[in-house]
Amino acid sequence: MPAKRAAKGGETDAFAALAQHSTANGFLLSQKIALEAARFWARRMRAYADQMEEFARCSSVEDFAGAQQRFVERMRRDYAAETDAFAALLGDAAEQQAKAAADAANGGERPHA
Numbered sequence: 007m008p009a010k011r012a013a014k015g016g017e018t019d020a021f022a023a024l025a026q027h028s029t030a031n032g033f034l035l036s037q038k039i040a041l042e043a044a045r046f047w048a049r050r051m052r053a054y055a056d057q058m059e060e061f062a063r064c065s066s067v068e069d070f071a072g073a074q075q076r077f078v079e080r081m082r083r084d085y086a087a088e089t090d091a092f093a094a095l096l097g098d099a100a101e102q103q104a105k106a107a108a109d110a111a112n113g114g115e116r117p118h119a
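With this note's numbering applied, the sequence shown covers 7 to 119.
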């Protein structure tokens, strides 16, 4: 999105530029989070269905305990992976926000390296 220009000298209004960028990124981030949450929910529902199917095949208490243990381990791995996925999404968003703030503070120009 183009940044709003100040009336004097055509300088970029840093706050307006940052706000525009934040709004666009906020919407995009919310969509990414919703998609990730839906995919995670689908994986977990599949795991619950698989657990019921495995329970139906159990013929002893030991079979049942093993099935339950595998389910809990799978759940632990799924939640750990989901934590990493959300951390990556939020970390990327924070990095982009910091970059946008720095760009806006520099009048839309990138510092020279």
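Note that the Cβ used here is the ideal one computed from N, Cα and C, for glycine as well.
For clarity, every value in this text was computed on a predicted model and none was experimentally measured.
Cβ-Cβ distances below 8 angstroms link residue 51 to nothing in the same chain once the five nearest sequence neighbours on each side are left out. Look at the beta carbons and you see the stretch 63–79 not touching the stretch 87–95: under three pairs across the two are nearer than 8 angstroms. Contact annotation: residue 42 and residue 101 have beta-carbon atoms that are not nearer than 9 angstroms. Exclusion of the five residues before and after residue 35 leaves 99 as the residues of its chain whose Cβ lies within less than 6 angstroms of its Cβ.
DSSP places residue 97 in the uninterrupted alpha helix (DSSP H) bounded by 67–111. Taking 9 angstroms as the cut-off, the beta carbon of residue 84 is found no closer than this to the beta carbon of residue 33. Contact annotation: residue 73 and residue 64 have beta-carbon atoms nearer than 9 angstroms. In terms of Cβ geometry, residue 81 and residue 48 do not form a close pair [threshold 9 angstroms].
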